[in-house]
Amino acid sequence: MVGDGHLRAGTPLRAAQDEAGVPPGVWKGRGLAALGLKDGDVVTERQAELLLGEGRHPDADRIERELLAQGKTPAQARRATVLGRPIEHNRSPKTDKAKERTPWLAFDLTFRPPPTAHLAWALMDDRHRRVLELCDDIARDKTLTWLGDAVAEIRWKAGGKQRARVKDGLIVAVFRHYESRAGKPLLHHHAIVSIRARRPHDGKWGNLSADSLMAHIVAADTLYLLYFMEEVSARLGWAWESREVTPGRRPVMDIAGIDRRLIGWQSTRRQQIEDALPVLTAKYEERQGHAPGERASYALACQAADQTRPPKRTELLSLTELRERWRTSAIRAFGACTVYRLAERARAAAAAVWARVRPVVDIALAAVDVAAVVYVMRGAFKRHHLLAEARRHLSYVLRGRPHQAGLDETIVQTAIDDYTRPASRRMMTADLRALYPRDTEDQAVLRPLTRKRTAPPYERARLAADALRVRAQAVRRADRLGSRTRPHAVAVPAASRSHPRPFRTGPKDGRLLEPETGVDTVEQTRRTFEAAVKLAARLQDGKRERAVAHGPWPQSAPAAAPPPHTQQPGIQPALGRTIGGVT
Numbered sequence: 026m027v028g029d030g031h032l033r034a035g036t037p038l039r040a041a042q043d044e045a046g047v048p049p050g051v052w053k054g055r056g057l058a059a060l061g062l063k064d065g066d067v068v069t070e071r072q073a074e075l076l077l078g079e080g081r082h083p084d085a086d087r088i089e090r091e092l093l094a095q096g097k098t099p100a101q102a103r104r105a106t107v108l109g110r111p112i113e114h115n116r117s118p119k120t121d122k123a124k125e126r127t128p129w130l131a132f133d134l135t136f137r138p139p140p141t142a143h144l145a146w147a148l149m150d151d152r153h154r155r156v157l158e159l160c161d162d163i164a165r166d167k168t169l170t171w172l173g174d175a176v177a178e179i180r181w182k183a184g185g186k187q188r189a190r191v192k193d194g195l196i197v198a199v200f201r202h203y204e205s206r207a208g209k210p211l212l213h214h215h216a217i218v219s220i221r222a223r224r225p226h227d228g229k230w231g232n233l234s235a236d237s238l239m240a241h242i243v244a245a246d247t248l249y250l251l252y253f254m255e256e257v258s259a260r261l262g263w264a265w266e267s268r269e270v271t272p273g274r275r276p277v278m279d280i281a282g283i284d285r286r287l288i289g290w291q292s293t294r295r296q297q298i299e300d301a302l303p304v305l306t307a308k309y310e311e312r313q314g315h316a317p318g319e320r321a322s323y324a325l326a327c328q329a330a331d332q333t334r335p336p337k338r339t340e341l342l343s344l345t346e347l348r349e350r351w352r353t354s355a356i357r358a359f360g361a362c363t364v365y366r367l368a369e370r371a372r373a374a375a376a377a378v379w380a381r382v383r384p385v386v387d388i389a390l391a392a393v394d395v396a397a398v399v400y401v402m403r404g405a406f407k408r409h410h411l412l413a414e415a416r417r418h419l420s421y422v423l424r425g426r427p428h429q430a431g432l433d434e435t436i437v438q439t440a441i442d443d444y445t446r447p448a449s450r451r452m453m454t455a456d457l458r459a460l461y462p463r464d465t466e467d468q469a470v471l472r473p474l475t476r477k478r479t480a481p482p483y484e485r486a487r488l489a490a491d492a493l494r495v496r497a498q499a500v501r502r503a504d505r506l507g508s509r510t511r512p513h514a515v516a517v518p519a520a521s522r523s524h525p526r527p528f529r530t531g532p533k534d535g536r537l538l539e540p541e542t543g544v545d546t547v548e549q550t551r552r553t554f555e556a557a558v559k560l561a562a563r564l565q566d567g568k569r570e571r572a573v574a575h576g577p578w579p580q581s582a583p584a585a586a587p588p589p590h591t592q593q594p595g596i597q598p599a600l601g602r603t604i605g606g607v608t
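Given below as structure tokens:
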């Protein structure tokens, strides 16, 4: 609530926030109406203590006074202000597993824009700073609305067996912070989501389901990024481009035109972690006798981040003082031209991006891409995994252009209907009959990509998705060309297989079994080719006989040849093809 500051005893919360240089928190969410609060109201210290600290009504003091005046006992007055089950129930020794049950009254969801947005917010003028803050607010509110409407569930009865959507929505206290522990610009929000919500059938208060909310955190993160990119592009005209931070890992989206050197100046924590990680990795290899895997590498990275975590600063500065310090530091490191021309270069880079990029979403190809990536990354997955990847796909393709509402759900449903099958009661996996091609040549390309365990998972996923997308485009192109009527076309029967291709798995490794090319197939292909050659020869002989009998066709006057090194408008030779003759 006070950022990096401290709330000393006897100091009002607003005074401590002013001293720390952070704005006061505000209430958000549709569930505020049930508590008598309004969207945008300032979060007071007493309200946060009652709701987020004790699970009671934010205006419990006034309610207790009124009930005591009506003759209620203090215990009855207090119980009337409790939302749901009192936290004293968890602390009672009579409760099952009392030592393991601790009061959990809120979730801390952190919303943070991409790194280049921090740089533009910190180093540009006040107009760009206010616009970026507005974009951040809009994207955050839309994401919280989606969480409250489509994700949040309230549970009741033993073990939370009964679950349903919340009646009114979430109750959220939002606090904005400006910097990281290292003192660098880091615009972010802490959204404190109260666990208390009302049941839809009787209106009583209960607790949110933690697992359903936490399972959709990645999908919420990708949705926030998608909304933020759209707002920035709509209000400032900037474009976005992907940047690979770690080879083989997922790229991040950055504002086009922002000097990449500033990212290294801003993210000093990453360099500290990278310096400490080799030492921890060497100790792990010496202790275990082998290199760390994916999970062990992630655990070592978390350990390096904890060891290099600096303490919070003691010098408290306002936002104006922080921005002046950041600008001075960046100018000293990279020059005034780099800092003061950030907005101009972002607009020029956006014009270049929109000139060469056409933001069009193909739902069928997007479904193939999403299903292939999630399958290679996870094997078995759920709907929210596909939803997160579909939103990443939209951010990569649209580059900040607005997307149609519900487009991400349409991509997910297409992927589920066409490319997945049930793997268990709650999980699904890719349907290899629909996802993998049936011709053996493409399978020989795809299988090493998906089973190359030495490569990072996302690198293998992207290679497989790209190969499948190219195949889908080729099949679509072949279907489109096959539907056209061609004059003087010669129908050549397709070579049939001597044995139909079985689609089954091997008894040991689960690999698809490829049918061998039979002798009958080769003989049928040879006979078909000889018949086609004879038919073409007969057609050519008939053409010569008609020319001798009726004379040559009259020829029209040749058109004037265009000057050299010029091209007639509207005619563009296709790549790899000739203008005339036989290809």
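Quick note: my numbering has the sequence shown finishing at residue 608, numbered continuously throughout. Backbone N, C-alpha and C fix where the C-beta goes; we use that ideal spot for every residue, glycine too.
Might you give, ordered along the chain, the residues of its own chain that have their beta carbon closer than 6 Å to the beta carbon of proline 589, omitting 5 neighbours on each side? To locate residue 589, count along the sequence shown from 1; it is residue 564. Low confidence applies here, because proline 589 scores a pLDDT of 41, under 50, leaving its location unreliable; read the following figure in that light. Within the same chain, proline 589 has no close Cβ partners at all.
Run through DSSP, which three-state label would arginine 285 get? Taking the first residue of the sequence shown as 1, we reach residue 285 at position 260. In the three-state scheme derived from DSSP, where H, G and I count as helix and E and B as strand, arginine 285 is classed as coil.
So what does arginine 446 bridge to, in DSSP terms? Residue 446 sits at position 421 when you count from the first residue of the sequence shown. DSSP lists Thr454 as partners of arginine 446.
Assuming threonine 306 and alanine 413 are in contact, meaning their beta carbons sit under 8 Å apart, how far apart are those beta carbons, in whole angstroms? For the purposes of this step, residue 306 is taken as residue 281 along the sequence shown, with counting starting at 1. For the purposes of this step, residue 413 is taken as residue 388 along the sequence shown, with counting starting at 1. Taking 8 Å as the upper bound for CB-CB distance, threonine 306 and alanine 413 are not in contact here, some 29 Å apart.
Going by other Cβ atoms of all chains shown within 10 Å of its Cβ, with 16 needed for buried, is proline 99 buried or exposed? Your numbering for residue 99 matches position 74 in the sequence shown. Sixteen is the threshold: since fewer than 16 other Cβ atoms of the shown chains lie within 10 Å of the Cβ of proline 99, the residue is exposed.
Quick one: residues in its chain with C-beta nearer than 7 Å to the C-beta of arginine 430, no 5 flanking neighbours on either side, listed in chain order? Locating residue 430 in the sequence shown gives position 405, counting from the first residue. Going by the sequence as given, residue 430 is alanine instead of arginine. Excluding sequence neighbours, alanine 430 sits near nothing in its chain.
Once you ignore the five residues that flank phenylalanine 406 on each side, which residues in its own chain have a CB closer than 8 Å to its CB? To locate residue 406, count along the sequence shown from 1; it is residue 381. The residues are Val399, Tyr400, Met452, Met453, Thr454.
Residues in the same chain with beta-carbon distance under 7 Å from arginine 348, minus the five sequence neighbours each way, listed in chain order, please. Here the question's residue 348 lines up with position 323 in the sequence shown. Here the set comprises Ala147.
Decide if arginine 53 is buried, meaning its Cβ has at least 16 other Cβ atoms within 10 Å, or exposed. Taking the first residue of the sequence shown as 1, we reach residue 53 at position 28. Note on identity: in this sequence residue 53 is lysine, with arginine being the wrong assignment. Its Cβ being crowded by 16 or more others within 10 Å, lysine 53 is buried.
Can you tell me whether DSSP reads phenylalanine 528 as helix, strand or coil? Taking the first residue of the sequence shown as 1, we reach residue 528 at position 503. Bear in mind that a pLDDT of 38 at phenylalanine 528, under 50, signals an unreliable position, so the number given afterwards is only what the model happens to contain. DSSP places phenylalanine 528 in coil when its eight states are reduced to three.
Integer Cβ distance of glycine 30 from glutamate 44, believed to fall under 8 Å: Sequence index remark: in the sequence shown, residue 30 carries index 5 (1-based). Sequence index remark: in the sequence shown, residue 44 carries index 19 (1-based). About 6 Å; that satisfies the 8 Å criterion.
According to DSSP, which residues form a beta bridge with phenylalanine 136? As a first step, residue 136 is located in the sequence shown; it is residue number 111 there, counting from the start. Paired residues: His214.
Report the residue from Val218, Pro482, Arg71 whose alpha carbon sits nearest the alpha carbon of threonine 271. Within the sequence shown, numbered from 1, the residue matching residue 271 stands at position 246. Out of Val218, Pro482, Arg71, Pro482 has the C-alpha closest to the C-alpha of threonine 271.
Would alanine 245 be called buried (16 or more neighbouring beta carbons within 10 Å of its own) or exposed? Here residue 245 is taken as the residue at index 220 of the sequence shown, counted from 1. When all chains shown are included, alanine 245 counts as buried.
Let me make sure I understand the geometry here. Which of Ser343, Gly80, Ala371, His82 has the alpha-carbon closest to that of alanine 23? Because the chain is modelled from 26 through 608, residue 23 falls outside the range shown and cannot be assessed.
Going by the CB atoms, is the gap between proline 37 and leucine 62 shorter than 9 Å? Along the sequence shown, read from residue 1 onward, the residue named residue 62 stands at position 37. Along the sequence shown, read from residue 1 onward, the residue named residue 37 stands at position 12. With contacts defined as CB atoms closer than 9 Å, leucine 62 and proline 37 fail to qualify as a contacting pair.
Run of the beta strand (DSSP E) containing arginine 221, from where it starts to where it stops: Position 196 of the sequence shown, counting from 1, holds the residue named residue 221. Start and end: 221-223.
Here's a check: name, in chain order, each residue in its chain whose Cβ is nearer than 7 Å to the Cβ of threonine 106, leaving out the five neighbours to either side. Sequence index remark: in the sequence shown, residue 106 carries index 81 (1-based). Closer than 7 Å at Cβ, skipping near neighbours: Arg81, His82, Ala85, Ile88, Glu89.
Touching or not, the region 153-168 and the region 267-282, by the rule of three or more beta carbon pairs under 8 Å? no
Identify which residue in Pro111, His213, Lys182, Leu144 has its Cα closest to the Cα of phenylalanine 136. Numbered from 1 along the sequence shown, position 111 holds the residue referred to as residue 136. When only C-alpha atoms are compared, the closest one is His213.
Is glutamate 204 helix, strand or coil when you go by DSSP? Position 179 of the sequence shown, counting from 1, holds the residue named residue 204. In the structure shown, glutamate 204 sits in a strand (DSSP, three-state: E or B).
Rounded to the nearest angstrom, what separates glycine 535 and glutamine 328 at their Cα positions? Counting from 1 along the sequence shown, the entry for residue 535 is found at position 510. Counting from 1 along the sequence shown, the entry for residue 328 is found at position 303. Only weak support exists for where glycine 535 lies, its pLDDT of 39 falling under 50; the value from the coordinates is given anyway. If I take the Cα positions, the gap works out to 37 Å.
Specify the secondary structure class of leucine 75 as computed by DSSP and reduced to three states. Start at 1 with the first residue of the sequence shown, and residue 75 comes out as number 50. Note: leucine 75 maps to helix in three-state DSSP.
Please determine, among Pro384, Asp300, Thr345, the residue with the shortest C-alpha to C-alpha distance to threonine 333. Translated into positions along the sequence shown, residue 333 becomes position 308. Cα-wise, what sits closest to threonine 333 is Asp300.
Does the region 275-282 come close enough to the region 305-321 to have 3 or more Cβ pairs within less than 8 Å? The region 275-282 and the region 305-321 do not touch, with fewer than 3 CB-CB distances between them shorter than 8 Å.
Identify, in the order they occur along the chain, each residue of the same chain with its Cβ nearer than 6 Å to the Cβ of alanine 41, setting aside the five sequence neighbours on each side. Residue mapping note: residue 41 aligns to position 16 of the sequence shown, counting from 1. If we look at alanine 41 and ignore the five residues flanking it on each side, its Cβ neighbours are Val27, Gly30, Leu32.
Extent of the continuous alpha helix (DSSP H) run through arginine 188: Taking the sequence shown and counting its residues from 1, one reaches residue 188 at position 163. Arginine 188 -> not in any alpha helix (DSSP H); beta strand (DSSP E) instead, spanning 187-190.
Do aspartate 394 and arginine 494 have their C-beta atoms within less than 9 Å of each other? For this step, residue 394 is matched to residue 369 along the sequence shown. For this step, residue 494 is matched to residue 469 along the sequence shown. Contact flag set, yes.
Does glycine 35 come out as helix, strand or coil in the three-state DSSP assignment? Translated into positions along the sequence shown, residue 35 becomes position 10. If DSSP states are grouped into helix, strand and coil, glycine 35 belongs with coil.
Between valine 437 and leucine 457, is the Cβ-Cβ spacing less than 9 Å? Along the sequence shown, read from residue 1 onward, the residue named residue 437 stands at position 412. Along the sequence shown, read from residue 1 onward, the residue named residue 457 stands at position 432. Contact flag unset, no.
Rounded to the nearest angstrom, how far is the Cβ of arginine 39 from that of proline 48, given a contact under 8 Å? Translated into the one-based positions of the sequence shown, residue 39 becomes position 14. Translated into the one-based positions of the sequence shown, residue 48 becomes position 23. Arginine 39 to proline 48, Cβ: 10 Å. No contact.
Best match in Ala326, Arg408, Tyr421 for proximity to alanine 448 [C-alpha to C-alpha]: On the sequence shown, position 423 is the one that residue 448 refers to. The candidate whose alpha carbon is nearest that of alanine 448 is Arg408.
Where the alpha helix (DSSP H) containing aspartate 236 begins and where it ends: On the sequence shown, residue 236 is found 211 positions in, with the first residue counted as 1. From DSSP, the alpha helix (DSSP H) with aspartate 236 extends over 235-240.
Round the Cβ separation of leucine 211 and glutamate 204 to the nearest angstrom and send it over; I've been treating them as touching at under 8 Å. Position 186 of the sequence shown, counted from the start, is the residue given in the question as residue 211. Position 179 of the sequence shown, counted from the start, is the residue given in the question as residue 204. At roughly 5 Å, the Cβ-Cβ gap stays under 8 Å, so leucine 211 and glutamate 204 are in contact.
Mind checking whether alanine 459 and aspartate 433 have CB atoms under 9 Å apart? Working through the sequence shown from its first residue, we reach residue 459 at position 434. Working through the sequence shown from its first residue, we reach residue 433 at position 408. Against a cut-off of 9 Å, the Cβ pair of aspartate 433 and alanine 459 comes out as no contact.
DSSP three-state assignment for alanine 612, whether helix, strand or coil: With the chain running from 26 to 608 in the structure shown, residue 612 is simply not present.
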